[in-house]
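To convert, count from 1 in the sequence shown and add 4; that's my numbering.
Remarks on the structure that follows.
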Amino acid sequence: MSSGTTQTITRAKSLSGSVNIPGDKSISHRYAMLAGIAEGVSQIHSFAGSADCQSTLDCLKKLGVKIDRQGSEVTIEGAGLEGLRPSVDPLDAGNSGSTIRMMAGILSGQSFRTVIGGDASLSRRPMKRIMEPLARMGARIQAREGGLPPLTIEGGSLVPIRYELPVASAQVKTAILFAGLYADGLTEVVEPHPTRDHSELALLQFGAEVGRAGRTVSVRGRSRLAARELTVPGDISSAAFFLVAGLLVPGSDLTFQNIGLNSTRTAIIEYLQSIGGEIIISNCESRSGEPVGSVRVKASPLGGGEIPVETIPGLIDELPVLSVLGTQTEDGLVFRGAQELRVKESDRIAAVAENLRRMGAEVEEFPDGLRIPGRQRLKGAEISSYSDHRIAMAFTIAGLMADGMTTIHDSDCVQISFPTFFETIARVAG
Ligand code: S3P
């Protein structure tokens, strides 16, 4: 993302009101991709404003899919499973790991060659995890040395596989399931730990034959997808920043409507409740096959403690802001088994440790986690976002409870998932 933008943050008195949370990034990517290869015109409401999801739309357009976007309303004229056309230019996934990995699944099913790359951060992220299973299905994929983007993907007739994921990753699972749409027969993915199941739910919405038995997810190939009208729920991973702020800033009371409450994403709420956070869920219903509801959070004293390792895949995007929260708890916070954080948009373990230290906090860094003592006073500091949206937002929340002024450098990266983040903070901090 562009650098040179800064935001300054000072201590907040209390946060109150209703918070507008943008559409879920994960679900928006999936709806767009499946609509692009479905038959007929799909209508997607509350599509994420995120730059990452725009990257997905731009890639689909380059493959000949007709897309009309009016704010959060997106209309996609599906090309059908076999109707994508080769792109003259390389596809640009921008900063989005989801775009490059999940599109790679679809591109593996095409009989033409596509080049797909992204920005400097994406160009450092590991792609072997998708290259290996997709090659087993019959795709020919080349990358830069070390399995780094850009990828050159030449697809064709694929064979179904049964694949045990070495790392719990929804993006890799999705790449294989999407490629499985182009394979004759049943493609199966076995997960070491459950990961977000938005792809399975979205595939069902578009009429694909999807199954789950224990840790195995399957899709039957060659079934036609039918266009749908779908509504994207609010992104719980974006709401997470306000959940943490609402718990920590004394006197706060925030509400959020239409938040996605899929059980593969609610570990953040369960963890916060388990350490004493007052978070109330109401108005639950199912929308486009995804559970949604209202969430209310009130400032609460928090215990803290160790995050169970089996919950880490379900909390992976929330760990930066939970680390900030750890400094304000009674008992601090420890997590291990999160080595994946080192290969996100930035090395999030290093970025969190460095920025917490700049704010005067004590923190111990492990190869796969952090230990953060509780009851620490934070002081305003110069924060480097490392061009990573979740680092910028996590440390904005830290700034709301720090003494003095915090400056977030390269703050514009919030566009990746939450373009209205700073305005929203200003509004609820009143
Ligand atoms: C995502 C899966 C997670 C997550 C990312 C979005 C998805 O990545 O960190 O922000 O939409 O499937 P991994 O699949 O690499 O764990």
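Cβ atoms here follow ideal geometry from the backbone N, Cα and C, with glycine treated the same way.
With 16 other Cβ atoms within 10 Å as the buried cut-off, status of SER100: By the neighbour-count rule (16 or more Cβ atoms within 10 Å), SER100 is buried.
When the Cα of ILE48 is compared with those of ILE273, ARG228, PHE210, PRO153, which residue comes out closest? The shortest Cα separation from ILE48 among ILE273, ARG228, PHE210, PRO153 belongs to PHE210.
Contact under 9 Å by Cβ, SER238 with ILE263: Before going further, note that residue 238 is Gly rather than Ser in the sequence given. Yes; because the gap between Cβ atoms is below 9 Å, this pair is in contact.
Taking all protein chains shown into account, decide if MET5 is buried (16 or more other Cβ within 10 angstroms of its Cβ) or exposed. In this predicted model, MET5 has a pLDDT of only 41, less than 50, meaning its place in the structure is not dependable; the value taken from the coordinates is given anyway. With 16 or more Cβ atoms within 10 Å of its Cβ, MET5 is classed as buried.
Three-state class that DSSP yields for ASP335 in the structure shown: coil
From what residue to what residue does the beta strand (DSSP E) around ILE4 run? Residue 4 cannot be examined here, being either before or after the span of the chain that is shown, 5 to 434.
In the DSSP assignment, what residue or residues form a beta bridge with PRO137? Answer is none; PRO137 lacks a bridge partner.
So what does DSSP say about PRO423, is it helix, strand or coil? coil
For ALA243, which option in THR118, ARG226, ILE401 has the closest C-alpha, if you only look at C-alpha atoms? Cα-wise, what sits closest to ALA243 is ILE401.
Just reading off the alpha helix (DSSP H) that SER242 is part of, what are its end residues? 240-252
Under 8 Å Cβ to Cβ from TYR275, same chain only, skipping five residues before and after it: list those, please. ILE311, THR315, LEU319, LEU326
Can you check DSSP and say which residues form a bridge with VAL347? Beta-bridge pairing links VAL347 to no other residue.
Reference LEU111; option with closest CA among MET405, VAL221, GLY384, PRO94: PRO94
Could you name the residues that DSSP lists as bridge partners for GLU294? For GLU294, which the question treats as bridged, DSSP gives the partners ARG291.
Taking GLY308 and GLY330 to be in contact with their CB atoms under 8 Å, please state how far apart those CB atoms are, rounded to whole angstroms. 6 Å
Cβ of ALA174 within 8 Å of any heavy atom in the ligand S3P? yes
Across the region 109-128 and the region 180-190, are there enough close Cβ pairs to call them in contact, namely three or more that are closer than 8 Å? yes
What residue does the alpha helix (DSSP H) around ILE412 start on, and which one ends it? Taken as a continuous stretch (DSSP letters only), ILE412 belongs to no alpha helix (DSSP H), being part of the beta strand (DSSP E) at 410-413.
Have a look at GLY225 and SER203 and give me their C-alpha separation to the nearest angstrom. 15 Å
Three-way DSSP call (helix, strand, coil) for THR14 in this model: coil
For the alpha helix (DSSP H) containing LYS29, name the first residue and the last one. 29-40
From which residue to which residue does the alpha helix (DSSP H) around ILE311 run? Here ILE311 belongs to no alpha helix (DSSP H), and DSSP marks it neither H nor E.
GLU132: beta carbon under 8 Å from a heavy atom of the ligand S3P? Note that residue 132 is Lys in the sequence shown here, rather than Glu. No, Cβ of LYS132 sits at least 8 Å from all heavy atoms of the ligand S3P.
Boundaries (first-last residue) of the alpha helix (DSSP H) holding TYR275: Counting along the chain, the alpha helix (DSSP H) containing TYR275 begins and ends at 271-278.
Tell me whether ASP72 is buried or exposed, calling it buried when 16 or more other Cβ atoms sit within 10 Å of its Cβ. That one is exposed.
So, at 8 Å on beta carbons, what are the nonlocal neighbours of ALA139 in its own chain, with the 5 sequence-adjacent residues on each side left out? ILE145
Can you pull the DSSP bridge partners for VAL221? VAL193, ARG216
Quick check on the burial criterion: 16 or more other C-beta atoms within 10 angstroms. Buried or exposed for ASP414? buried
Can at least three beta-carbon pairs, one atom from the region 122-137 and one from the region 72-91, be found at a separation below 8 Å? no
Given 8 Å as the limit, is there contact between the region 414-425 and the region 49-64, that is, 3 or more CB pairs closer than that? yes
In chain order, what residues of the same chain lie with their CB nearer than 7 Å to the CB of ILE279, ignoring the 5 residues before and after it? LEU306, GLY307, GLY308, GLY309, THR333
Taking 8 Å as the cut-off, is the beta-carbon of THR199 closer than that to any non-hydrogen atom of the ligand S3P? yes
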